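Student:
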């Protein structure tokens with residue numbers, strides 16, 4: 001099974017850039033950035049350190065359902081925190097377990113305090129499917145005696 005480092009390296013160039021939002025920006029600004037970048041979540045940073053994550057789910061549950069204004073509410077007021085992160089040495093299956101157990105769709109990759117990437121559940125499912133396909137191919141070759 002691949003490591004997080006291998007998954008990040010395999011992402012195409014446009015998906016390797018990590019889009020973030022500062023903790024003191026408004027939720028509206030975060031929504032605009034998510035829309036512009038076609039992403040479902042943004043790591044939240046304060047002084048260059050990841051302090052949380054804000055997602056479309058946070059908006060729906062913490063702004064819309066509570067009748068708050070996205071224009072006046074700050075990101076730090078509704079972000080998910082503390083944020084669960086992984087380093088580049090984790091394996092895909094370990095990340096999938098973390099995401100499943102914690103009900104997450106996005107997982108920031110942080111090493112030595114630096115944000116290196118953001119994994120989505122889609123990134124990990126894609127890698128798991130490719131890994132299974134490789135295993136099936138190997139087993140078929142073994143059965144055929146190749």
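In the UniProt record's numbering, the protein residues as written are 1 to 146.
All residues carry an ideal CB built from backbone N, CA and C; glycine is no exception.
Here the structure is a predicted model, which is why all the values come from computation and not from measurement.
1. Should the stretch 39-48 be called in touch with the stretch 104-114, which here means at least 3 C-beta pairs below 8 angstroms?
2. On the three-pair Cβ rule with 8 angstroms, is the stretch 33-47 touching the stretch 70-89?
3. Quick check: what's the CA-CA separation for residue 64 versus residue 134?
4. Could you tell me the distance, in whole angstroms, from the CA atom of residue 144 to the CA atom of residue 132?
5. Touching or not, the stretch 96-107 and the stretch 120-128, by the rule of three or more beta carbon pairs under 8 angstroms?
6. So residue 5 and residue 88 are supposed to be a Cβ contact under 8 angstroms. How far apart are they, rounded?
7. Would you identify the three-state DSSP class for residue 116, choosing helix, strand or coil?
8. With a cut-off of 8 angstroms on the beta carbons, I'd call residue 53 and residue 42 a contact; round off their distance for me.
Tutor: Put simply:
1. yes
2. yes
3. 44 angstroms
4. 18 angstroms
5. yes
6. 4 angstroms
7. strand
8. 7 angstroms
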